[in-house]
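Protein chains in written order, with our numbering: chain A, 94 to 309; chain B, 94 to 309.
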């Protein structure tokens, strides 16, 4: 009985995600679902990405949080269209929340839509939003054992950004071992060591992202 | 219909949590539900706590993870009874998983049971396990805005450990502002700045914990 309800929820979500994707495609919008633990640097990566693309690519942002609009306020200073979703307790975004947010975005002016999911390494991986790619931000202070503990998230990601590499001198974190573990779970994944503080690696990530948008 | 199912799940969980609590009380076991984001330092805090209590207090540990037994293996080196729960995808521990784990623990030899929940700032706050207190580990690299974004977790905590204070020189993190925000959500909470690397603050935390055990 319970399983039936859960299947209905997932089936309904996938159906709405497909409709979102059709709307994105018809408006030529490339969509990235940005996921991470709380505080790994999702908003910082989004802001650095916006800065590198200014004047070249129309960027829009959807900010997902349980409560508050802090991130949307920060993003709006970058002068791009942004919509805040407050899930009111839900630990992930779903396709329906995304569909509602799209009504408030000028899709015709947007080439790249960055959707910042709720900070959570578990549940967001299970809910499609209609995105083209999923990107996982993993930060060095979280430790290099996370792929063993949250395998689905690492399995689903098209790219993993290893953020806060500027803190490596003060941490026990083996970048090579971490990358090897991720590749063991997900052979196709692209990995970028980055720092939003020093700017290291951001150019490589943005250049790869533009490549993926061009392939579409 | 869906709401009915969810209510049933929460009601059933609370009922099992009450039974767990009776079992703990009858065995004179004080139970701490340890929650945090992935990589905030739950296992490190547990290991430092075990070291400070060695020879004084019988400690047992339950390790909750979606997959892997890395943390239980680390804890078992401290020579305390430990049971690993793999939730197999679930983003939190619940009372029933806890009840099953208890069958493998020598409760009569345990004064303090530390239950490490799944790394997640959202869902674990909603599921009682039968614990006496809830402790939240918040680490400095996650940023000082987390109470605004995950208010339920900060509201439910009896104590917040601000971990990784040794990294403060390299981060933008205002400890006083963070503490004030937490106290705005939760007036009764006890806050301990700590570092499992340098040992700072661990004594104060353990001393408070022993006090709470004594009050019981």
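We put the CB at the ideal spot given by N, CA and C, even for glycine.
Taking the Cβ atom as the reference point for each residue, do residue 272(B) and residue 245(B) lie within a distance shorter than 8 angstroms? no
When burial is assigned at 16 or more other CB atoms within 10 Å of the CB, is residue 185(B) buried or exposed? Residue 185(B) counts as buried, since at least 16 other C-beta atoms from the protein chains shown sit within 10 angstroms of its C-beta.
Thinking C-alpha only, which one of 189(B), 206(B), 157(B) is nearest residue 182(B)? 157(B)
Please list, in chain order, the residues of the segment 217 to 243 of chain B that have any C-beta partner in chain A closer than 7 angstroms. 232, 234, 235, 236, 238, 239, 241, 242, 243
Would residue 223(B) pass as a contact of residue 124(B) if the rule is Cβ separation under 8 angstroms? yes
Below 8 angstroms between beta carbons: does that hold for residue 179(A) and residue 159(A)? Against a cut-off of 8 angstroms, the Cβ pair of residue 159(A) and residue 179(A) comes out as a contact.
The segment 147 to 157 of chain B in contact with the segment 259 to 270 of chain B per 3-pair CB rule at 8 angstroms: no
Run through chain A and tell me which residues come within less than 8 angstroms of residue 158(B), C-beta to C-beta. 242
List, in chain order, every chain A residue whose beta-carbon is nearer than 8 angstroms to that of residue 169(B). Here the premise fails: no neighbours, minimum Cβ distance about 16 angstroms.
In whole angstroms, give me the CA-to-CA distance for residue 161(A) and residue 283(B). 24 angstroms
Who are residue 256(B)'s beta bridge partners in DSSP? 232(B)
Specify whether the segment 277 to 296 of chain A and the segment 249 to 257 of chain A touch according to this definition: at least 3 beta carbon pairs, one from each stretch, less than 8 angstroms apart. As far as the Cβ criterion goes, the segment 277 to 296 of chain A touches the segment 249 to 257 of chain A, which means the pair count is three or higher.
Can you tell me the Cα-Cα spacing of residue 107(A) and residue 265(B), whole angstroms? 40 angstroms
For residue 203(B), which residues of its own chain have a beta-carbon under 8 angstroms away from its beta-carbon, when the five flanking residues on both sides are left out? Around residue 203(B): 120, 122, 151, 152, 153, 174.
Under 8 angstroms between C-beta atoms of residue 127(B) and residue 210(B): Contact flag set, yes.
Between which two residues does the beta strand (DSSP E) harbouring residue 156(B) extend? Start and end: 152 to 158.
Quick one: what does DSSP say residue 129(A) is sitting in, helix, strand or coil? Three-state DSSP puts residue 129(A) in a strand.
Residue 311(B) CB to nearest chain A CB: under 8 angstroms? Here chain B comprises residues numbered 94 to 309, so residue 311(B) is not present and cannot be evaluated.
Kindly list, in the order they appear in chain B, the residues whose Cβ is closer than 7 angstroms to that of residue 288(A). Within 7 angstroms Cβ-Cβ: nothing; residue 288(A) doesn't reach chain B, min ~11 angstroms.
Short of 7 angstroms in beta carbon distance, which residues of its chain neighbour residue 221(B), apart from the five on each side in sequence? Order them along the chain. 106, 107, 110, 188
Would you say residue 206(B) reaches chain A, if we count a Cβ-Cβ gap shorter than 8 angstroms as a contact? no
What are the residues that DSSP puts in a beta bridge with residue 175(A)? DSSP lists 154(A) as the beta-bridge partner residues of residue 175(A).
Assuming residue 275(A) and residue 240(A) form a contact by the criterion Cβ under 8 angstroms, report the distance between their Cβ atoms to the nearest whole angstrom. 5 angstroms
Under 8 angstroms between C-beta atoms, does residue 215(A) make it to chain B? yes
When the Cα of residue 295(B) is compared with those of 259(B), 307(B), 101(B), which residue comes out closest? 259(B)
Between which two residues does the alpha helix (DSSP H) containing residue 166(A) stretch? Residue range 163 to 169 is occupied by the alpha helix (DSSP H) that includes residue 166(A).
At a threshold of 7 angstroms, does residue 108(B) count as lining the ligand MG (C-beta to nearest heavy atom)? With respect to the ligand MG, the structure offers nothing, as it holds no ligand at all.
Can you find the residues in the same chain that come closer than 8 angstroms, C-beta to C-beta, to residue 94(A), ignoring five residues on each side of it along the sequence? Low confidence applies here, because residue 94(A) scores a pLDDT of 39, under 50, leaving its location unreliable; read the following figure in that light. If the five residues before and after residue 94(A) are omitted, its C-beta is found closer than 8 angstroms to no C-beta atom of its own chain.
Where the beta strand (DSSP E) containing residue 209(B) begins and where it ends: According to the DSSP assignment, residue 209(B) belongs to the beta strand (DSSP E) that extends over 205 to 209.
To the nearest angstrom, how far is it from the Cα of residue 305(A) to the Cα of residue 190(A)? 25 angstroms
Using C-beta distances below 8 angstroms, list every residue in its chain close to residue 198(A), excluding the 5 sequence neighbours before and after it, in chain order. 153, 155, 174, 176, 206
Residue 131(A) and residue 169(B): beta carbons closer than 8 angstroms? no
Hey, does residue 135(A) have any beta-carbon neighbour from chain B nearer than 8 angstroms? No, because no Cβ of chain B sits closer than 8 angstroms to the Cβ of residue 135(A).
Among the candidates 192(B), 280(B), 236(B), 256(B), whose CA atom is the shortest distance from the CA of residue 135(B)? 256(B)
One or two residues paired with residue 227(B) in a DSSP bridge: When beta bridges are read from the DSSP output, residue 227(B) appears opposite 126(B).
State yes or no: is the beta carbon of residue 131(A) nearer than 8 angstroms to at least one beta carbon in chain B? yes
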